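> First the structure, which I've put down as structure tokens, then a few questions once you've had a look.
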Amino acid sequence: MDKKNLKNWIPDDQEPLRSILIFGPPGSGKGTLGKFLSSAGNHYHLSSGDIFRGLSPESPAGRIFHQYASKGQLVPDEVTIEIWHHYVQGLIATNAYFPHEQFLLLDGVPRTLPQADLIDPYIEVMQIISLEMPNIEGLIDRLKRRAMIERRMDDFDEKILRTRMQVYQDETVKLLNHYQKDLISKFNADQPPLDVLRDVLIKLSYLLTHSKLES
Ligand code: ADP
């Protein structure tokens, strides 16, 4: 079967995917919050870091990821969104994620302004959760602890960690200006995960419990 025919089986002209973006520096608890909201709220949590780490290191995309992540740098924007889009299409085609019923909880993507432009046609941003954590040293400590538990090599080396914090400051902070102000909710992430979850639920529980589209 040639590639042109395949397109008919996996259509990519679907409605924009209703998404909640989770922003925050490395170690601010994006993944923990995403997992809570997906398991208790039946949303689909999608972490770009998890997608990348799941790539075979021998595949071309996996090789690009390792080349950048090992230095604490971001994977180039177009490659990132292409891999992301491909992955989401797979989730829909295999009935893992149901766009009419679930919100997509995007953790770690978009991360730069060009990524936001590239991803815009595919998503409808319902809300942005910004996890605020100004205490960089506290974050570095958290990440080092996580490295021991999850054996994440990019969290072991303090120099790489500091590069990732800097990349976040330089690239991702600017992203908030790309979106409408009334979509953004800021939360104090310098508290235990359950307290962050509580704050998010107080503010967003209505939205989170009304994700099903009427047919
Ligand atoms: P953290 O949020 O703790 O920095 P992630 O697990 O989200 O970690 O990402 C790990 C690495 O994966 C990043 O350092 C980067 O190399 C790559 N990565 C993840 N998301 C993106 C993205 N949206 N754009 C470019 N690179 C990314």
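Residue numbers (the numbering used here): 13 to 227. For glycine and all other residues, C-beta sits at the position ideal for the given N, C-alpha and C. Note that the structure is predicted; figures quoted are calculated from it, not measured.
1. Confirm, please, whether the CB-CB distance from I131 to I161 is below 8 Å.
2. Taking the beta carbon of T106 as the centre, do at least 16 other beta carbons fall within 10 Å, making it buried, or is it exposed?
3. Looking only at C-alpha atoms, which of F110, P69, I34 and S82 sits nearest to E27?
4. Taking the beta strand (DSSP E) that L116 falls in, what are its first and last residues?
5. Name the one or two DSSP bridge partners that K83 has.
6. Go ahead and label A52 buried or exposed: buried means 16 or more other beta carbons lie within 10 angstroms of its beta carbon, across all protein chains shown.
7. Whose C-beta lies closer than 7 Å to the C-beta of K42 among residues of the same chain, with five residues either side of it excluded?
8. Going by beta carbon distance, what residues of the same chain come within less than 8 Å of R210, once the five residues before and after it are set aside?
9. Measure the CB-CB distance between S31 and L116 and report whether it falls below 8 Å.
10. Secondary structure at S51, three-state DSSP: helix, strand or coil?
11. Just to confirm my understanding: we take M13, look at its own chain, exclude 5 residues before and 5 after, and list those with CB closer than 7 Å. What are they?
According to the structure data:
1. no
2. Result: exposed.
3. F110
4. L116 to D119
5. BP columns for K83 are empty, so no partner.
6. exposed
7. Answer for K42: I34, G36, D119, G120 and L143, listed in chain order.
8. none
9. yes
10. If DSSP states are grouped into helix, strand and coil, S51 belongs with the helices.
11. Note that M13 has pLDDT 49, beneath the 50 cutoff, so the model's placement of it is unreliable and the number below is only indicative. Within the same chain, M13 has no close Cβ partners at all.
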